[in-house]
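Enquirer: Before anything else, here's the structure in question.
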DNA sequence: ATGGTGGTCCAACCA
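Numbering (the working numbering), first residue to last: 74 to 330.
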């Protein structure tokens, strides 16, 4: 089974790229973030024609998440436990017996922002949600745009980013507390090229200069990690015409689909 | 150089 995550920064604009990438990479599951579509605008038919069913949680202008698979994901969930939120950032479902949480973690804007406080509260609610989930399921994937670079290897210029949003200690601690529940960053199970990132700012030639961060992650429980054979960032779509500012990340697992 | 680009939607917010 191949499982992937991609922040597309508007599915309306990026649908051609998504369809192209589905053909090229042939994932069994794809989590999308920042679809920026209401549910009524979701391109169900175009994705069905490409062989994918979807569950989705959208809103106008901002956020929006979707989970695509070859068969409709079961037992969908769009909320964190005890965290009422009009922002659509969570789309969980079960595919092939694997419980999959696709997330668009709040960006936080800056460490002195109200949005940063919201981000840390959201992550605390996520921890509670996943703690309960991991009690119930052995095979769990938690993936998406985490808006956190796990450590300095995931940052093009650690000195410049030190203490800043996406790299601050409270954010990294919140991520560590998720991992402590029994999850592993699957990317780091494998040898990786230095300076492998998943997001590059549109501004100042970020991609051309490889000034990026690795903030798009696929976490897995031990049962998933044990069967994981690869986890890679596919930089290619970031170089296409009219790209998202994020590249897709994909992990492959033995057995199943 | 404390900027820049891009999406949404047309002023201003978000990333």
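C-beta atoms are modelled at their ideal positions from N, C-alpha and C, and glycine is treated no differently.
Here the structure is a predicted model, which is why all the values come from computation and not from measurement.
Let's see if you can read the secondary structure: which residues bound the alpha helix (DSSP H) around residue 89?
Expert: Its alpha helix (DSSP H) spans residues 84-98.
Enquirer: Just to confirm before moving on: does the CB-CB distance between residue 221 and residue 76 stay below 7 angstroms?
Expert: No, the pair does not count as a contact, with Cβ atoms beyond the cut-off.
Enquirer: Which partner residues of residue 340 appear in the DSSP bridge assignment?
Expert: One cannot answer for residue 340 here, as it falls past the ends of the chain, which runs 74 to 330.
Enquirer: For residue 107, which option in 123, 250, 289, 256 has the closest C-alpha, if you only look at C-alpha atoms?
Expert: Per the Cα distances, 289.
Enquirer: Kindly indicate which residue of 312, 98, 293 has the alpha-carbon position closest to the one of residue 211.
Expert: When only C-alpha atoms are compared, the closest one is 293.
Enquirer: Does the beta-carbon of residue 84 have 16 or more other beta-carbons within 10 angstroms, so that it is buried, or is it exposed?
Expert: Answer is buried; the Cβ neighbour count reaches 16.
Enquirer: Under 6 angstroms Cβ to Cβ from residue 87, same chain only, skipping five residues before and after it: list those, please.
Expert: Closer than 6 angstroms at the Cβ level, and outside the excluded window around residue 87, lie 81, 317.
Enquirer: Exposed or buried, what is residue 260 when buried is set at 16 or more other beta-carbons lying within 10 Å of its beta-carbon?
Expert: Result: buried.
Enquirer: So is residue 173 buried or exposed if we call it buried at 16+ other beta carbons inside 10 Å?
Expert: Buried, by the Cβ-count rule.
Enquirer: At 4 residues or longer, and completely inside the region 202-285: list those alpha helix (DSSP H) runs for me, N to C.
Expert: Qualifying alpha helix (DSSP H) stretches, in chain order: 231-234, 242-252.
Enquirer: Check each candidate in 194, 279, 237 and name the one with the smallest Cα separation from residue 182.
Expert: Here the closest residue by C-alpha is 237.
Enquirer: Below 7 angstroms between beta carbons: does that hold for residue 58 and residue 140?
Expert: It is not possible to answer for residue 58, since the shown part of the chain is limited to 74 through 330.
Enquirer: Among the candidates 89, 245, 227, whose CA atom is the shortest distance from the CA of residue 268?
Expert: Nearest option by C-alpha distance: 227.
Enquirer: Taking just the CA atoms, how far does residue 223 sit from residue 90?
Expert: Computed Cα separation, rounded: 28 angstroms.
Enquirer: Give me the Cα-Cα distance between residue 320 and residue 205, rounded to the nearest whole angstrom.
Expert: The straight-line gap from Cα to Cα measures roughly 30 angstroms.
Enquirer: Locate the alpha helix (DSSP H) running through residue 123, then write down its first and last residues.
Expert: Careful: residue 123 lies outside any alpha helix (DSSP H) and carries neither H nor E.
Enquirer: Are the CB atoms of residue 142 and residue 102 within a distance shorter than 7 angstroms?
Expert: Yes, they are a contact pair.
Enquirer: State the start and end residues of the unbroken beta strand (DSSP E) segment that holds residue 320.
Expert: From DSSP, residue 320 is part of no beta strand (DSSP E); its letter is neither H nor E.
Enquirer: Could you name the residues of the same chain whose beta carbon sits closer than 8 angstroms to that of residue 251, not counting the 5 residues immediately before and after it, in chain order?
Expert: Contacts found: 196, 199, 200, 203, 215, 292.
Enquirer: Measure the C-alpha to C-alpha separation of residue 151 and residue 312 and round it to an integer number of angstroms.
Expert: Cα-Cα distance, rounded: 32 angstroms.
Enquirer: For residue 307, I'd like the list of residues in its chain whose CB is within less than 7 angstroms of its CB, leaving aside the five on either flank, ordered along the chain.
Expert: So the list reads 98, 320, 321, 323, once near-sequence residues are dropped.
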